[in-house]
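In this text, residue positions in the sequence shown follow this note's numbering: the first is 63, and each later residue adds one.
Ideal Cβ positions, reconstructed from N, Cα and C, are used throughout, including at glycine.
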Amino acid sequence: MPTIFTCTKCGAQAPKWSGRCNECGAWGTMVEEAMPKNPLGPKQHLSSNKPAQLINWHELPSKPIHRYVTGLIEIDRVLGGGLVPGSLILLSGEPGCGKSTLVAQIAQTLDPQLSIIYISGEESAQQVKMRLDRLNYQPQKMTFASETNAETIIATAIKYKPQLLIIDSIQTVYSDEVPSEPGSVNQIKACTIKLLELAKEYNITVILIGHLTKEGIVAGPKTLEHLVDTVIYLENESQHSYSLIRASKNRFGSTNEVGLLEMTGHGFRQLEKTTSLFIQPIQGASGSAISCLIEGSRPFLLEVQALVSKTYFGYPQRKAIGFDSNRLQILTTVLTKQTKINLTDQDVIVSVAGGLKINETALDLAVCAAIASSYYNRPLPDKTLFLGEVGLAGEIRPIGKLEIRLKEALKIGISQVFLPAQAKITSSKMKIKTSNNLLDFFNQVWPKTDK
Ligand code: TYD
Ligand code: MG
Numbered sequence: 063m064p065t066i067f068t069c070t071k072c073g074a075q076a077p078k079w080s081g082r083c084n085e086c087g088a089w090g091t092m093v094e095e096a097m098p099k100n101p102l103g104p105k106q107h108l109s110s111n112k113p114a115q116l117i118n119w120h121e122l123p124s125k126p127i128h129r130y131v132t133g134l135i136e137i138d139r140v141l142g143g144g145l146v147p148g149s150l151i152l153l154s155g156e157p158g159c160g161k162s163t164l165v166a167q168i169a170q171t172l173d174p175q176l177s178i179i180y181i182s183g184e185e186s187a188q189q190v191k192m193r194l195d196r197l198n199y200q201p202q203k204m205t206f207a208s209e210t211n212a213e214t215i216i217a218t219a220i221k222y223k224p225q226l227l228i229i230d231s232i233q234t235v236y237s238d239e240v241p242s243e244p245g246s247v248n249q250i251k252a253c254t255i256k257l258l259e260l261a262k263e264y265n266i267t268v269i270l271i272g273h274l275t276k277e278g279i280v281a282g283p284k285t286l287e288h289l290v291d292t293v294i295y296l297e298n299e300s301q302h303s304y305s306l307i308r309a310s311k312n313r314f315g316s317t318n319e320v321g322l323l324e325m326t327g328h329g330f331r332q333l334e335k336t337t338s339l340f341i342q343p344i345q346g347a348s349g350s351a352i353s354c355l356i357e358g359s360r361p362f363l364l365e366v367q368a369l370v371s372k373t374y375f376g377y378p379q380r381k382a383i384g385f386d387s388n389r390l391q392i393l394t395t396v397l398t399k400q401t402k403i404n405l406t407d408q409d410v411i412v413s414v415a416g417g418l419k420i421n422e423t424a425l426d427l428a429v430c431a432a433i434a435s436s437y438y439n440r441p442l443p444d445k446t447l448f449l450g451e452v453g454l455a456g457e458i459r460p461i462g463k464l465e466i467r468l469k470e471a472l473k474i475g476i477s478q479v480f481l482p483a484q485a486k487i488t489s490s491k492m493k494i495k496t497s498n499n500l501l502d503f504f505n506q507v508w509p510k511t512d513k
């Protein structure tokens with residue numbers, strides 16, 4: 063049988079094996095697979111198919127999206143209000159992060175009238191039952207099958223017509239019609255397409271569980287993400303007890319929202335109150351600044367820590383944990399050029415305490431404040447919040463969603479805030495300090511030092 067080499071990272075195909083993918087440049091990702099049947103065979107006619115039926119918009123009534131509300135607020139928030147009937151959802155995460163537990167809890171909290179089929183190719187009925195017992199869940203309308211054949215799974219779903227079909231996991235499912243091994247790129251793609259057709263044609267919501275590889279992509283093809291309606295990642299910070307759930311694609315809702323969960327002895331617990339979850343600032347310590355991040359519509363107060371120390375060997379190091387290292391590189395250069403903080407012979411480490419990841423420029427000022435504080439070994443003022451984007455000229459630029467951030471900060475007793483000069487703020491219970499640029503800002507933070 064003819065074979066083809068496929069990159070497990072980007073899905074590029076080549077007739078010959080190579081150590082490095084020519085498309086994405088990844089090493090050791092080319093795997094041999096059987097050629098799919100009829101790869102773009104010659105066509106006799108332009109088309110012998112029957113034409114598609116066209117729809118006129120005015121004939122189609124507008125319908126609000128109906129959803130199965132899961133009852134788990136954190137999950138509904140990420141899904142955009144609940145599971146949409148007939149949608150295909152990919153739930154991915156690293157092994158052991160709690161994917162099977164989460165789907166079981168979704169099944170548990172859904173309307174008990176909905177019928178659910180749980181298919182597992184990874185665990186036996188007894189193992190799944192043990193988990194359900196742990197969750198204290200005695201399903202009424204959820205049935206189980208240990209099955210890996212895609213055609214059998216689809217036949218089962220067509221026969222019993224559940225409202226929800228859970229497949230744990232897509233890597234274990236294989237189709238008879240595809241000659242490659244289970245778990246291979248072609249198999250995963252083909253099985254997902256079949257399940258997508260099932261979801262649309264029979265209006266069955268399908269949740270697929272997908273494992274993440276070490277590189278952090280859904281094992282096998284990233285292409286899987288293009289096929290499904292919604293992609294949800296469950297992230298578990300190993301050193302923290304909580305898990306973050308976020309949608310990276312959502313055809314039926316926003317992709318910005320995050321949900322917070324905590325694993326307990328009886329499944330996940332929802333963390334709705336997050337005000338002081340990520341901060342326990344040590345008072346009087348240098349290199350620590352408080353700021354507020356917005357994820358979707360939700361504010362998270364967090365602590366940015368920086369450590370600046372003289373470089374003893376080679377190039378100065380720039381290390382960022384929970385923060386973009388390119389952004390750190392830019393900010394250290396801005397600080398060196400636009401202020402009197404010379405970082406050219408200093409290692410700079412920035413870490414976001416609590417395991418959150420900053421992807422907002424609104425936290426630049428807090429990062430700069432923390433770096434300066436560590437550099438001078440002088441703590442920043444107590445109970446103070448830092449908000450603002452820093453530009454290349456050292457100017458402090460306005461940011462969005464100020465009101466939400468300040469309201470959240472008030473809850474933990476923040477009494478002072480540093481903002482960009484153009485910030486439009488009407489009234490606040492906090493002492494407001496504004497600055498145009500970093501020099502001006504440092505002069506306000508440490509008035510007596512000449513920066
Ligand atoms: P699991 O859902 O099986 O993870 P995945 O399907 O993503 O591989 O379980 C993840 C971990 O959670 C596992 O190590 C056991 C633990 N766990 C609890 O701590 N409490 C519980 O109630 C359950 C069900 C699991
Ligand atoms: Mg599992």
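### Message
Check this for me: beta carbons of L153 and I269, under 8 Å apart or not?
### Response
One-based indexing of the sequence shown puts residue 153 at position 91. One-based indexing of the sequence shown puts residue 269 at position 207. Against a cut-off of 8 Å, the Cβ pair of I269 and L153 comes out as a contact.
### Buried/exposed call for P361, threshold 16 Cβ in 10 Å
Taking the sequence shown and counting its residues from 1, one reaches residue 361 at position 299. P361 is buried by the Cβ-count criterion.
### Query
In terms of residue numbering, what span does the alpha helix (DSSP H) encompassing D502 cover?
Taking the sequence shown and counting its residues from 1, the one referred to as residue 502 is at position 440. Start and end: L500 to V507.
### Message
Does L454 pass the burial test, meaning 16 or more other C-beta atoms within 10 Å, or should it be called exposed?
### Response
Within the sequence shown, residue 454 is the residue found at index 392, counting from 1. That one is exposed.
#### Entry: Rounded C-alpha distance that separates G282 from T406
Within the sequence shown, the letter at position 220 stands for residue 282. Within the sequence shown, the letter at position 344 stands for residue 406. Note that G282 scores 49 on pLDDT, short of 50, meaning its location in the model is unreliable; the coordinates nonetheless yield the value given after this. Going from the Cα of G282 to the Cα of T406 covers about 42 Å.
### Query
Hey, Q225 and Y130 are a contact pair by Cβ (cut 8 Å); roughly how many whole angstroms apart?
Reading the sequence shown from its first residue, position 163 is the one you call residue 225. Reading the sequence shown from its first residue, position 68 is the one you call residue 130. About 7 Å separates the Cβ atoms of Q225 and Y130, confirming a contact at the 8 Å cut-off.
### Message
Under 7 Å: does the beta carbon of D291 sit that close to some heavy atom of the ligand MG?
### Response
Taking the sequence shown and counting its residues from 1, the one referred to as residue 291 is at position 229. D291: no, Cβ never under 7 Å from the ligand MG.
### Query
Can you list, in chain order, the residues of its chain whose CB lies under 6 Å from that of K381, leaving out five sequence neighbours each side?
On the sequence shown, residue 381 is found 319 positions in, with the first residue counted as 1. The residues are I411.
### Task
Express the C-alpha separation of A219 and K203 in angstroms, rounding to a whole number.
Taking the first residue of the sequence shown as position 1, residue 203 is located at position 141. Taking the first residue of the sequence shown as position 1, residue 219 is located at position 157. So the two alpha carbons sit approximately 14 Å from each other.
### Collapsed DSSP secondary structure at G282 in the structure displayed
Mapped onto the sequence shown, residue 282 falls at position 220. Low per-residue confidence applies at G282: pLDDT is 49, beneath 50, and the placement is therefore not dependable, though the value from the model is reported in the following sentence. The three-state secondary structure of G282, taken from DSSP, is coil.
### Query
Considering only residues of the same chain and omitting the five flanking positions on each side of D291, which have a CB-CB separation below 6 Å?
In the sequence shown, counting from the first residue as 1, residue 291 sits at position 229. Contacts found: S149, L150 and R313.
### Query
Can you give the Cα-Cα distance for L481 and K473, rounded to whole angstroms?
Start at 1 with the first residue of the sequence shown, and residue 481 comes out as number 419. Start at 1 with the first residue of the sequence shown, and residue 473 comes out as number 411. When rounded, the distance between both Cα atoms is 18 Å.
#### Entry: Host beta strand (DSSP E) of M192 (start-end)
Sequence index remark: in the sequence shown, residue 192 carries index 130 (1-based). First-last for M192: A187 to R196, but that is the alpha helix (DSSP H), not the beta strand (DSSP E).
#### Entry: Under the three-state DSSP convention, the category D138 falls into
Against the sequence shown, residue 138 aligns to sequence position 76. D138 falls in the helix class under three-state DSSP.
### Query
Are G327 and V396 touching if we call contact CB-CB under 8 Å?
If you number the sequence shown from 1, residue 327 lands on position 265. If you number the sequence shown from 1, residue 396 lands on position 334. Not in contact: G327 and V396 (Cβ atoms no closer than 8 Å).
### Query
Which word fits L108, buried or exposed, when buried means at least 16 other C-beta atoms lie within 10 angstroms of its C-beta?
By one-based count along the sequence shown, residue 108 stands at place 46. L108 counts as exposed, since fewer than 16 other beta carbons sit within 10 angstroms of its beta carbon.
### Query
Looking at S353 and F448, is the spacing between their C-beta atoms short of 8 Å?
If you number the sequence shown from 1, residue 448 lands on position 386. If you number the sequence shown from 1, residue 353 lands on position 291. The answer is yes: Cβ separation under 8 Å.
### Query
Roughly how many angstroms lie between the CA atoms of P157 and Q200, to the nearest whole one?
Working through the sequence shown from its first residue, we reach residue 157 at position 95. Working through the sequence shown from its first residue, we reach residue 200 at position 138. If I take the Cα positions, the gap works out to 25 Å.
### Query
So which residues put a beta carbon under 7 Å from any heavy atom of the ligand MG, going in chain order?
Counting only residues whose CB is nearer than 7 Å to a non-hydrogen atom of the ligand MG, the list in chain order is K161, S162, E184, E185, D230, S231 and I271.
### Query
Exposed or buried, what is G272 when buried is set at 16 or more other beta-carbons lying within 10 Å of its beta-carbon?
Here residue 272 is taken as the residue at index 210 of the sequence shown, counted from 1. Using a 10 angstroms sphere on the CB of G272, the tally of other CB atoms reaches 16 or more, which defines it as buried.
### Query
Hey, how far is the Cα of I216 from the Cα of G376?
What you label residue 216 is simply residue 154 of the sequence shown in a count that begins at 1. What you label residue 376 is simply residue 314 of the sequence shown in a count that begins at 1. The straight-line gap from Cα to Cα measures roughly 60 Å.
### Task
Pick helix, strand or coil for K513, following the three-state DSSP scheme.
For the purposes of this step, residue 513 is identified with residue 451 of the sequence shown, where counting begins at 1. At K513 the pLDDT is 47, less than 50, meaning the model places this residue with poor confidence and gives no usable figure here.
### Query
Does the beta-carbon of K372 have 16 or more other beta-carbons within 10 angstroms, so that it is buried, or is it exposed?
Looking up residue 372 in the sequence shown gives position 310. So K372 ends up on the exposed side.
### Query
If we count the other Cβ atoms within 10 Å of its Cβ and call it buried at 16 or more, is G475 buried or exposed?
Along the sequence shown, read from residue 1 onward, the residue named residue 475 stands at position 413. Exposed: under 16 other Cβ atoms inside 10 Å.
### Message
Restricting to Cα atoms, I'd like to know which of K402, A415, K419 and W119 is closest to N516.
### Response
The structure shown does not extend to residue 516, since the chain is modelled only from 63 to 513, so the question has no answer here.
### Query
Which residues mark the beginning and the end of the alpha helix (DSSP H) in which I168 is found?
Taking the sequence shown and counting its residues from 1, one reaches residue 168 at position 106. K161 to T171 is the extent of the alpha helix (DSSP H) around I168.
### Message
Here's the rule: buried if 16 or more other CB atoms are within 10 angstroms of the residue's CB, otherwise exposed. What is S231?
### Response
Taking the first residue of the sequence shown as 1, we reach residue 231 at position 169. By the neighbour-count criterion, in which 16 or more other beta carbons inside 10 Å mark a residue as buried, S231 falls on the buried side.
### Message
Mapping the DSSP letters down to three states, classify W79 as helix, strand or coil.
### Response
Counting from one through the sequence shown, the residue named residue 79 turns up at place 17. Here W79 carries a coil assignment [DSSP, helix/strand/coil].
### Task
Taking 8 Å as the cut-off, decide whether the C-beta atoms of L418 and L355 are in contact.
Along the sequence shown, read from residue 1 onward, the residue named residue 418 stands at position 356. Along the sequence shown, read from residue 1 onward, the residue named residue 355 stands at position 293. Yes. Within cutoff.
### Query
Does the pairing of the region 327-346 with the region 387-394 give three or more beta-carbon distances under 8 Å?
No: fewer than three Cβ pairs fall under 8 Å.
### Query
In whole angstroms, what is the alpha-carbon distance linking Q342 and C72?
For this step, residue 342 is matched to residue 280 along the sequence shown. For this step, residue 72 is matched to residue 10 along the sequence shown. Cα to Cα, Q342 sits roughly 41 Å from C72.
### Query
Of the choices R459, M92 and A432, whose alpha-carbon is the least far from that of A415?
By 1-based counting over the sequence shown, the position of residue 415 is 353. The shortest C-alpha separation from A415 is found at A432.
### Query
If you run the structure through DSSP and keep just helix, strand and coil, what is A212?
Taking the sequence shown and counting its residues from 1, one reaches residue 212 at position 150. Here DSSP, grouped into helix, strand and coil, assigns A212 to helix.
### Task
Identify, in the order they occur along the chain, each residue of the same chain with its Cβ nearer than 8 Å to the Cβ of L260, setting aside the five sequence neighbours on each side.
Looking up residue 260 in the sequence shown gives position 198. I216, A219, I220, L227, I266 and V268.
### Query
Thinking just about the alpha-carbon of each residue, which of E94, G142 and G87 is nearest to the one in S359?
Working through the sequence shown from its first residue, we reach residue 359 at position 297. If we check each option's Cα against that of S359, G142 comes out closest.
### Task
Indicate whether N404 and S348 have their beta-carbon atoms separated by less than 8 Å.
In the sequence shown, the residue the question calls residue 404 occupies position 342. In the sequence shown, the residue the question calls residue 348 occupies position 286. Taking 8 Å as the Cβ cut-off, N404 and S348 do not qualify as a contacting pair.
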